[in-house]
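S.K.:
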Amino acid sequence: MDITSILHALCAVAVQVLAGLFTGNWAYGAIAGCTFFIAREHTQAEYRWIEMFGHGKRMNMPWWGGFDPRVWDVGSLLDFSFPIIGCLLVWILAS
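Position 62 of the sequence shown, counting from 1, maps to 62 under full-length UniProt numbering, and the rest follow consecutively.
1) Under three-state DSSP, which class holds Gly54?
2) How many angstroms separate the CA atom of Leu77 from the CA atom of Asn25?
3) Relative to the alpha-carbon of residue 113, which residue among Asp2, Arg48, Gln16 and Phe82 has its alpha-carbon at the smallest distance?
4) I'd like to know whether the C-beta atoms of Ser20 and Gly29 end up nearer to each other than 7 Å.
5) According to DSSP, is Trp63 part of a helix, a strand, or is it coil?
6) Determine the direct distance from the alpha carbon of Met52 to that of Ala27, and round the result to whole angstroms.
7) Using C-beta distances below 6 Å, list every residue in its chain close to Gly66, excluding the 5 sequence neighbours before and after it, in chain order.
So this is what it looks like as structure tokens:
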């Protein structure tokens, strides 16, 4: 079982809790925690696109390469969505 999705959610929630406790703004903490993992997964999707379709060269990737659904697998989607779901739940409970 791949637990990276759960670890990503825990890290994003930890950032949200720290920001929420120190600033009182739980939404900004959620944005900070989730943006890191969203950007990370998008970057990994870009690299998968480069390997699959760009012949290993970054210059061959179009601007939409990271958005191509062919390079997103279930694990990537879970790593993308679990931090969002976790932070959303904490934000709802804290508000």
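Don't be surprised by glycine CBs; every beta carbon is placed ideally from N, CA and C. Since the model is a prediction, treat every value here as computed from it, not as a measurement.
M.R.: This is what the structure gives:
1) Position 54 of the sequence shown holds residue 54. Gly54: coil per DSSP, three-state reduction.
2) The residue given as residue 77 occupies position 77 in the sequence shown. The residue given as residue 25 occupies position 25 in the sequence shown. Distance between the alpha carbons of Leu77 and Asn25 is about 27 Å.
3) The structure shown does not extend to residue 113, since the chain is modelled only from 1 to 95, so the question has no answer here.
4) Within the sequence shown, numbered from 1, the residue matching residue 20 stands at position 20. Within the sequence shown, numbered from 1, the residue matching residue 29 stands at position 29. Correcting the residue identity first, residue 20 is Gly in this sequence and not Ser. Going by C-beta atoms, Gly20 is nearer than 7 Å to Gly29.
5) Taking the sequence shown and counting its residues from 1, the one referred to as residue 63 is at position 63. In this structure, Trp63 counts as coil in the three-state DSSP scheme.
6) Counting from 1 along the sequence shown, the entry for residue 27 is found at position 27. Counting from 1 along the sequence shown, the entry for residue 52 is found at position 52. Rounded to the nearest angstrom, the two C-alpha atoms are 37 Å apart.
7) Residue 66 sits at position 66 when you count from the first residue of the sequence shown. Within the same chain, Gly66 has close Cβ partners His42, Ala45 and Glu46.
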